[in-house]
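Asks:
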Amino acid sequence: MQAAVIHRYGQASPTLETVSRPALRPTDVLVKIKAASINPVDLKIMAGELKLLLSYQMPLIIGSDFSGEIVAVGAQVTQFQVGDAVYGRPRKNRMGTFAEYLAIDPDDIALKPQNLTFAEAAAIPLVGLTSYQALHDLLHVQPGQRVLIQAGAGGIGTIAIQLAKHLGAQVATTTSSRNFELVRTLGADRIIDYHQEDFATVLADYDAVFDTLGGQSLESAFSVVKPGGQIISISGRPNARFAKAYGLPHWKQTLFRLATRRLSRLERQRDVRYQFLFMSPSGQELTQLTRLIEAGELQPVLDRTFTFQELAQALTYSRNGHAQGKIVVQIA
Numbered sequence: 001m002q003a004a005v006i007h008r009y010g011q012a013s014p015t016l017e018t019v020s021r022p023a024l025r026p027t028d029v030l031v032k033i034k035a036a037s038i039n040p041v042d043l044k045i046m047a048g049e050l051k052l053l054l055s056y057q058m059p060l061i062i063g064s065d066f067s068g069e070i071v072a073v074g075a076q077v078t079q080f081q082v083g084d085a086v087y088g089r090p091r092k093n094r095m096g097t098f099a100e101y102l103a104i105d106p107d108d109i110a111l112k113p114q115n116l117t118f119a120e121a122a123a124i125p126l127v128g129l130t131s132y133q134a135l136h137d138l139l140h141v142q143p144g145q146r147v148l149i150q151a152g153a154g155g156i157g158t159i160a161i162q163l164a165k166h167l168g169a170q171v172a173t174t175t176s177s178r179n180f181e182l183v184r185t186l187g188a189d190r191i192i193d194y195h196q197e198d199f200a201t202v203l204a205d206y207d208a209v210f211d212t213l214g215g216q217s218l219e220s221a222f223s224v225v226k227p228g229g230q231i232i233s234i235s236g237r238p239n240a241r242f243a244k245a246y247g248l249p250h251w252k253q254t255l256f257r258l259a260t261r262r263l264s265r266l267e268r269q270r271d272v273r274y275q276f277l278f279m280s281p282s283g284q285e286l287t288q289l290t291r292l293i294e295a296g297e298l299q300p301v302l303d304r305t306f307t308f309q310e311l312a313q314a315l316t317y318s319r320n321g322h323a324q325g326k327i328v329v330q331i332a
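Residue numbers for the sequence shown, in full-length UniProt numbering: 1 to 332.
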């Protein structure tokens, strides 16, 4: 089969190579991949930026989520059958969705929403699960609460805004003026042009911030959240609490504690809880998202679709950081 492979961290682009089709374990399903989407984590893994959290052997097939059709099931699999259209996000040690086939644990997939194409479905798993786990599982967003979602026109933001509105929140978001109409149609109540305004000076007393940017934007978020509020980040530095919960060794817990001393100080000063989120695959939660999609509560936003042979161009386009929604690669 054809797959996108890197042989070292820092490799600018993967190479399309012929590799063996993955072996099917008794507890696996084998999926013929129709489409896969590009996510920032793919670029970070390629660059070696996540080596403290994720350790991979080379060569490595990249890619973090997909849609496709089951072509074989293991002897112990009962919940899926050959011919099922599915989508999912494989667990960290089984990534590799930029390939023609993928062997995956059935707990990590769900039936594809019937009202989405394979390309549209491929845009959902990673950003959908990340948003759901941030807003529903960790922040426990309630009706009437005020939530700031950074970078509302991005892959995460376009889904997170819709999900926060479904949960009943009032949503503020940051974006450029060219994306105002998009985020407004998704449900954003307060839109901030980050070229013209500093969100930290115009927003206050928010219940929560979903940070997708890290850096100074994350630190500024502490001035927006009211005492007792929460900040969830997928781009900031992991803190010691996360490192312990993630099962990292003590020396890494200490390293992350030292690296996030400023954030810990801001937590104490502002009486705000900061959490780093590293999304977990979940077919069960994907099924919840499927219900929302089929009910018309959520819809994917696709910026551009590339062919498998254009993967290098798609990754370059993603690095530019100005996509509206998701970038999808057609595999089959």
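Note that beta-carbon positions come from the ideal geometry of N, C-alpha and C, so glycine has one too.
Could you have a look at Pro161 and say whether DSSP puts it in helix, strand or coil?
Replies: Reading off the sequence, residue 161 comes out as Ile, not Pro. Residue state, collapsed to three classes: helix.
Asks: Report the three-state DSSP secondary structure of Pro14 (helix, strand or coil).
Replies: coil
Asks: Straight-line CA distance for Ile79 to Arg25?
Replies: The amino acid occupying residue 79 in the given sequence is Gln; Ile does not appear at that position. Computed Cα separation, rounded: 15 Å.
Asks: Quick one: any contact between the region 162-177 and the region 129-140, if contact means 3 or more CB pairs under 8 Å?
Replies: yes
Asks: Below 7 Å CB to CB, which residues in the same chain sit around Ala314 once its five sequence neighbours on both sides are set aside?
Replies: Ile38, Phe306, Ile327 and Val329
Asks: Which word fits Asn179, buried or exposed, when buried means at least 16 other C-beta atoms lie within 10 angstroms of its C-beta?
Replies: buried
Asks: With H, G and I counted as helix, E and B as strand and the rest as coil, what does DSSP make of Tyr246?
Replies: coil
Asks: Roughly how many angstroms lie between the CA atoms of Asp211 and Arg21, to the nearest whole one?
Replies: 38 Å
Asks: Runs of 4 residues minimum, wholly inside the region 30-63: which ones carry the alpha helix (DSSP H) assignment?
Replies: 40-47
Asks: From the DSSP output, which residues share a beta bridge with Ala208?
Replies: Val147 and Gln230
Asks: Considering Cα atoms alone, identify which of Leu116, Pro90, Asp105 and Ile33 is closest to Leu302.
Replies: Leu116
Asks: Over the uninterrupted alpha helix (DSSP H) stretch that includes Ala122, give me the two end residues.
Replies: Phe118 to Ala122
Asks: Assess, as a yes-or-no matter, whether the region 194-201 is touched by the region 226-245 under the definition of 3 or more beta carbon pairs within less than 8 Å.
Replies: no
Asks: I'd like to check one pair, Ala243 with residue 389: are the Cβ atoms closer than 8 Å?
Replies: Since the displayed the chain opens at 1 and closes at 332, residue 389 lies outside it and no answer follows.
Asks: Check each candidate in Gly74, Leu52 and Leu138 and name the one with the smallest Cα separation from Leu277.
Replies: Leu138
Asks: Where DSSP assigns a beta bridge to Val82, which residues make up the other side?
Replies: Paired residue(s): none; Val82 is not in a bridge.
Asks: If you draw a straight line from the C-alpha of Ala332 to the C-alpha of Tyr87, how long is it?
Replies: 14 Å
Asks: For Lys326, list the residues DSSP reports as bridge partners.
Replies: Leu302
Asks: Can we say the region 53-67 touches the region 4-22, given the rule of at least three CB pairs closer than 8 Å?
Replies: yes
Asks: Check the C-beta distance from Leu298 over to Tyr206 and give it rounded, since I have them as a contact under 8 Å.
Replies: Between Leu298 and Tyr206 the beta-carbon gap is near 23 Å, outside 8 Å, which marks them as no contact.
Asks: Less than 8 Å separating the beta-carbons of Thr97 and Gly48?
Replies: no
Asks: May I have the straight-line CA-CA distance separating Ser220 from Asp193, to the nearest angstrom?
Replies: 16 Å
Asks: From which residue to which residue does the beta strand (DSSP E) around Glu69 run?
Replies: From DSSP, the beta strand (DSSP E) with Glu69 extends over Phe66 to Val73.
Asks: Taking Gly144 as the reference, which of Arg265, Ala151 and Gly168 has the closest Cα?
Replies: Gly168
Asks: Taking all protein chains shown into account, decide if Ser67 is buried (16 or more other Cβ within 10 angstroms of its Cβ) or exposed.
Replies: buried
Asks: Relative to the alpha-carbon of Met279, which residue among Ser223, Met46, Pro14 and Val127 has its alpha-carbon at the smallest distance?
Replies: Of the listed residues, the one whose Cα sits closest to Met279 is Val127.
Asks: Go to Val127, then tell me how far its alpha helix (DSSP H) extends in each direction, as first and last residue.
Replies: Pro125 to Tyr132
Asks: Roughly how far, in whole angstroms, is the beta-carbon of Ala188 from the beta-carbon of Val171, given that I think they are within contact range, below 8 Å?
Replies: That pair is a contact at about 5 Å.
Asks: Pull up the DSSP beta-bridge partners for Val225, would you.
Replies: Tyr206
Asks: Classify Gly283: buried if its beta carbon has 16 or more other beta carbons within 10 angstroms, exposed otherwise.
Replies: buried
Asks: Just the C-alpha distance for Lys92 and His136, rounded to the nearest angstrom, thanks.
Replies: 22 Å
Asks: Looking only at C-alpha atoms, which of Ile231, Pro106 and Ile70 sits nearest to Gln150?
Replies: Ile231
Asks: Near Gln253, which residues of its chain fall below 8 Å by C-beta distance, leaving aside the five closest residues on each side in sequence?
Replies: So the qualifying residues of the chain are Ala240, Ala243 and Lys244.
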